[in-house]
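Asks: In case it helps, the working numbering puts the sequence shown at residues 2 to 120.
From the three backbone atoms N, C-alpha and C, an ideal C-beta is built for every residue, glycine too.
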Amino acid sequence: MAELTIQQITEDGGSVTYSAAAGGGDTADNGGSTFLNIKNGGGGEVTVTITAQTTSVESSIYGDLTKANASIAIAGSGEAFIGPFKPSAFNNDDGEIAITYSGVTSVTIAALYITASQL
Numbered sequence: 002m003a004e005l006t007i008q009q010i011t012e013d014g015g016s017v018t019y020s021a022a023a024g025g026g027d028t029a030d031n032g033g034s035t036f037l038n039i040k041n042g043g044g045g046e047v048t049v050t051i052t053a054q055t056t057s058v059e060s061s062i063y064g065d066l067t068k069a070n071a072s073i074a075i076a077g078s079g080e081a082f083i084g085p086f087k088p089s090a091f092n093n094d095d096g097e098i099a100i101t102y103s104g105v106t107s108v109t110i111a112a113l114y115i116t117a118s119q120l
């Protein structure tokens, strides 16, 4: 797994740097405002999955609840955004989200965030 460099989006704009998707998956820091921009430069569909770390919660009000992974299918030559991700559901012990891909050929990704003061 490779750790993606998280890039802040500001009102001043700027360019985004994309990384090649790693065959073993990637990770990215997540403070609750992280989102991903994925580009699929290949011809076939690719599914990107963010693994839920907390998958079940017991609630005295609602009963047992299940949290699913977050995933998105991106068509060939397509692009998509996904996120943000609730830290209590998606963060691992290092405060990161785990990202996997059904294929990585011609797939690039950028991890982005904004701060609360920017809203």
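Where Q8 and Y19 are concerned, what is the direct C-alpha to C-alpha distance, given to the nearest angstrom?
Replies: When rounded, the separation of the alpha-carbon atoms in Q8 and Y19 is 10 Å.
Asks: Specify, as a first and last residue, the run of the alpha helix (DSSP H) that S89 falls within.
Replies: 88-91
Asks: For D94 and A81, I'd like the C-alpha separation in whole angstroms.
Replies: 27 Å
Asks: Using a 10 Å radius around the Cβ and a threshold of 16 neighbouring Cβ atoms, would you call Y114 buried or exposed?
Replies: Answer is buried; the Cβ neighbour count reaches 16.
Asks: Tell me the rounded alpha-carbon separation between G33 and G45.
Replies: 31 Å
Asks: In the structure shown, what three-state DSSP assignment does Y19 receive?
Replies: Three-state DSSP puts Y19 in coil, outside helix and strand.
Asks: Please state if the CB of V105 and the CB of A29 are separated by a distance shorter than 8 Å.
Replies: no
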